[in-house]
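**Student:**
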Amino acid sequence: DAEFNPNFRREKRKAEEESLDNTDIKKAKLETKALKAKRPGFSEERYNETSYYIENGLRKVYPYYFTFTTFTKGRWVGEKILDVFAKEFRAHPAEEYERCIKSGTLTVNYEKVDTDYRLKHNDLLANIVHRHETPVLARNIAILHLDEDLVVLDKPCSLPVHPCGRYRHNTVVFILAKEYNLKNLRTIHRLDRLTSGLLLFGRTPKKAREMEQQIRTRQVTKEYVCRVEGEFPREHVECNEPIEVVSYKIGVCKVSPTGKDCRTEFQRLSFNGKTSVVLCRPHTGRMHQIRVHLQYLGYPIVNDPLYNHTVFGPNKAKGGIIGKTDEQLIQDLIKIHNAENWLGMDGDAEYSMFKGREKTDNEEEGSQRNTPSPKEKSPVSNNSPRVTSPPALIAPTGYQSPKAIGLSAVEMQPSMVGAEAAPPKTLN
Numbered sequence: 001d002a003e004f005n006p007n008f009r010r011e012k013r014k015a016e017e018e019s020l021d022n023t024d025i026k027k028a029k030l031e032t033k034a035l036k037a038k039r040p041g042f043s044e045e046r047y048n049e050t051s052y053y054i055e056n057g058l059r060k061v062y063p064y065y066f067t068f069t070t071f072t073k074g075r076w077v078g079e080k081i082l083d084v085f086a087k088e089f090r091a092h093p094a095e096e097y098e099r100c101i102k103s104g105t106l107t108v109n110y111e112k113v114d115t116d117y118r119l120k121h122n123d124l125l126a127n128i129v130h131r132h133e134t135p136v137l138a139r140n141i142a143i144l145h146l147d148e149d150l151v152v153l154d155k156p157c158s159l160p161v162h163p164c165g166r167y168r169h170n171t172v173v174f175i176l177a178k179e180y181n182l183k184n185l186r187t188i189h190r191l192d193r194l195t196s197g198l199l200l201f202g203r204t205p206k207k208a209r210e211m212e213q214q215i216r217t218r219q220v221t222k223e224y225v226c227r228v229e230g231e232f233p234r235e236h237v238e239c240n241e242p243i244e245v246v247s248y249k250i251g252v253c254k255v256s257p258t259g260k261d262c263r264t265e266f267q268r269l270s271f272n273g274k275t276s277v278v279l280c281r282p283h284t285g286r287m288h289q290i291r292v293h294l295q296y297l298g299y300p301i302v303n304d305p306l307y308n309h310t311v312f313g314p315n316k317a318k319g320g321i322i323g324k325t326d327e328q329l330i331q332d333l334i335k336i337h338n339a340e341n342w343l344g345m346d347g348d349a350e351y352s353m354f355k356g357r358e359k360t361d362n363e364e365e366g367s368q369r370n371t372p373s374p375k376e377k378s379p380v381s382n383n384s385p386r387v388t389s390p391p392a393l394i395a396p397t398g399y400q401s402p403k404a405i406g407l408s409a410v411e412m413q414p415s416m417v418g419a420e421a422a423p424p425k426t427l428n
């Protein structure tokens, strides 16, 4: 008799629907957890989200919709969702998150909630955004070496290695997959967005492990060339100042006694009366190490949008003197970013709503691209991004000696001949 009772059937149907909803949430959780696995590759669906077009010397991406997802962290449990986003993701103002919550684009377990909703364990947060990626220079990625185990290429400046922050399709790994049909590549090392130079990818797990081991055991020599403000000392300079991360969220570091040990060697190659070309040899791999050490020495990279800025004080943190707390520095950087729109563009900064570096899908991939409808083909800003081009030099074991990459290296080569040798000068 119960089966013919309308209330019974209604309750049964409700229970079945709730079961399906729970199944969908569990599936989403499993998919998100799978993204955390250290496996290469994005899905064909991801590659086909949008396509490129070239305009005014820039590579641009047609805008597209994308969903950021993350699970509630332990420290968020019991906190109001708006308070969490206002505190944890400060690259956007609280009013922006409030608008997203009220409009239903920022959801919990794919359901609309109030701004005072208190987060629970395992809540799945999702935010739908219409992404307008920042343009990059429309320079070809030159493949210098390719075999069944390894890819060596010349990375142009302005291009991040992997998806992060405001970059997804305008990254080395996406361009290689979509235009060169090179997929499932394993990152051996990386270069900042603003740096050009040799970049290595493993095509097999074995080769990637071998190269990573060479890097760890210092069998690989890395050298960078950059142009800095002022007349850099002629003698060999060594900086051993420890570096501390001020904020992982926006990707900012500084010299600090409580930071991690660092060591960078510098040698001036040339001076033109205003700026110097400097050869840099990092012996440790701290975040923004070369840029921070040059800032500390008082010779910031000429067009570094972050560390060559008076937000660090009138002397731009020369000698480690900033004159403000870390919290005030972060707030000032965010304010300046909102006005100048450059913060978090380095490729290693967590600028997006939920994370910095985007994890891979670990699915089958394809190089085909869907053409967005004319309605979606609204070009992004024509403004060129701020770029700098310090070419990197790298010589892994078994390869030729370091060779400068990039146009700016041409004038540097003559200055290397007959350089005066001087004992290292250590600045502690």
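The opening position of the sequence shown corresponds to residue 1 in the UniProt record's numbering, with each subsequent residue numbered one higher.
The C-beta atom is built at its ideal place from N, Cα and C for all residues, glycine as well.
(1) From K73 to T275, what does the alpha carbon distance come to, in whole angstroms?
(2) Do you know offhand how far P163's Cα is from I54's?
(3) What do you get for G202, buried or exposed, if any count of 16 or more other CB atoms within 10 angstroms of its CB means buried?
(4) Quick check: the Cα distance between residue 471 and L329, rounded to an integer number of angstroms?
(5) When the Cα atoms are used, what is the spatial distance from E79 to L119?
(6) Identify which residue in T67, N48 and H92 has its Cα closest to the Cα of I336.
(7) Report the rounded CA-to-CA distance for L194 versus K178, giving the unit in angstroms.
(8) Using three-state DSSP, classify P423 as helix, strand or coil.
(9) Between the stretch 82 to 97 and the stretch 40 to 54, do at least 3 Cβ pairs fall closer than 8 Å?
(10) With a threshold of 8 Å between beta-carbons, can M211 be considered close to chain C, or not?
(11) My guess is that V161 and T187 are in contact by the Cβ rule of under 8 Å, so how many angstroms apart are they, rounded?
(12) Is it true that the CB of C253 sits closer than 8 Å to the CB of H288?
(13) Ignore the nearest five residues each way along the sequence and tell me which others in I175's own chain have a CB closer than 7 Å to its CB.
(14) Smallest Cα separation from F66: which of L294, V129, E212 and L333?
(15) Which of helix, strand or coil does DSSP assign to T32?
(16) Taking residue 433 as part of the beta strand (DSSP E), name the residues at either end of that continuous run.
(17) How would you label Y248, buried or exposed, when you count the other beta carbons within 10 angstroms and need 16 or more for buried?
(18) Exposed or buried, which one is H169 when buried takes at least 16 other CB atoms within 10 Å?
(19) Figure out for me which residue from R131, F232 and I321 has the closest Cα to the Cα of N272.
(20) Give me the DSSP bridge partner(s) of Y97.
(21) I'd like to confirm the pairing. Which residues does DSSP put opposite H283 in its beta bridges?
(22) Using the C-alpha atoms, what's the distance from L124 back to L191?
(23) Can you find the residues in the same chain that come closer than 7 Å, C-beta to C-beta, to A208, ignoring five residues on each side of it along the sequence?
(24) Jot down the residue ranges of each uninterrupted alpha helix (DSSP H) in the stretch 83 to 155, minimum 4 residues, whole runs only, in chain order.
(25) Roughly how many whole angstroms lie between the Cα atoms of Y167 and T258?
(26) Relative to the alpha-carbon of T221, which residue among G285, V172 and G298 has its alpha-carbon at the smallest distance?
(27) Once you ignore the five residues that flank K112 on each side, which residues in its own chain have a CB closer than 7 Å to its CB?
(28) Evaluate P314 with the Cβ neighbour count: other Cβ atoms within 10 Å of its Cβ, from every protein chain shown; 16 or more gives buried, anything less gives exposed.
(29) Please determine, among R59, P63, V302 and L58, the residue with the shortest C-alpha to C-alpha distance to T50.
(30) When you compare each of N184, G165 and R281 to F89 by their alpha carbons, which one comes out closest?
(31) Rounded to whole angstroms, what's the CA-CA distance from V246 to K155? Just pull it up for me.
(32) According to DSSP, is G273 part of a helix, a strand, or is it coil?
(33) By DSSP, does E55 sit in helix, in strand, or in coil?
(34) To the nearest angstrom, how far is the alpha carbon of E95 from that of D114?
(35) Return helix, strand or coil for residue 490, following the three-state DSSP convention.
(36) Please tell me whether T278 and C239 are closer than 8 Å, where the distance is taken between their beta carbons.
**Tutor:** On the basis of the data shown:
(1) Cα atoms of K73 and T275: separation of roughly 47 Å, rounded to the nearest angstrom.
(2) Using only the alpha carbons, I get a separation of about 20 Å.
(3) G202 comes out buried.
(4) As shown, the chain starts at 1 and ends at 428. That puts residue 471 outside it, with no answer to give.
(5) Taking the straight line joining both Cα atoms gives about 6 Å.
(6) Of T67, N48 and H92, the residue nearest in Cα terms is H92.
(7) The alpha-carbon atoms of L194 and K178 are separated by roughly 22 Å.
(8) Its pLDDT being 41, under 50, P423 is placed unreliably by the model, and the measurement read from it follows with that caveat. Coil, per DSSP.
(9) Output reads no: the stretch 40 to 54 does not touch the stretch 82 to 97.
(10) Protein chains in the displayed structure number just one, and chain C is not present.
(11) Yes, they are in contact, since the Cβ atoms of V161 and T187 sit about 7 Å apart, within 8 Å.
(12) Yes.
(13) Correct list, in chain order: I141.
(14) Here the closest residue by C-alpha is V129.
(15) Confidence is the limiting factor: at T32 the pLDDT is only 46, short of 50, which leaves the residue's position unreliable and the question unanswerable from this model.
(16) It is not possible to answer for residue 433, since the shown part of the chain is limited to 1 through 428.
(17) Result: exposed.
(18) With 16 or more Cβ atoms within 10 Å of its Cβ, H169 is classed as buried.
(19) Residue F232 is the option with its Cα nearest to N272.
(20) In DSSP, Y97 forms no bridge with anything.
(21) Looking at the DSSP assignment, H283 forms no beta bridge with any residue, so it has no partner.
(22) Those two C-alpha atoms are separated by around 32 Å.
(23) Hits under 7 Å: R186, I188 and G202.
(24) Runs found: 94 to 103.
(25) Computed Cα separation, rounded: 32 Å.
(26) Proximity to T221 across G285, V172 and G298 peaks at G285, based on C-alpha coordinates.
(27) Answer for K112: G104, listed in chain order.
(28) Taking all protein chains shown into account, P314 has fewer than 16 neighbouring C-beta atoms within 10 Å of its C-beta and is therefore exposed.
(29) When C-alpha distances from T50 are compared across R59, P63, V302 and L58, the shortest belongs to P63.
(30) Relative to the Cα of F89, the nearest Cα in the group N184, G165 and R281 belongs to G165.
(31) In a straight line, the C-alpha of V246 is about 28 Å away from that of K155.
(32) G273 falls in the coil class under three-state DSSP.
(33) In the three-state DSSP reduction, E55 falls in the strand class (E or B).
(34) If I take the Cα positions, the gap works out to 14 Å.
(35) Residue numbering for the chain in the displayed model covers 1 to 428; residue 490 lies beyond these limits and cannot be assessed.
(36) A small fix is needed here, since residue 278 is Val in this sequence, not Thr. No Cβ-Cβ contact shorter than 8 Å links V278 with C239.
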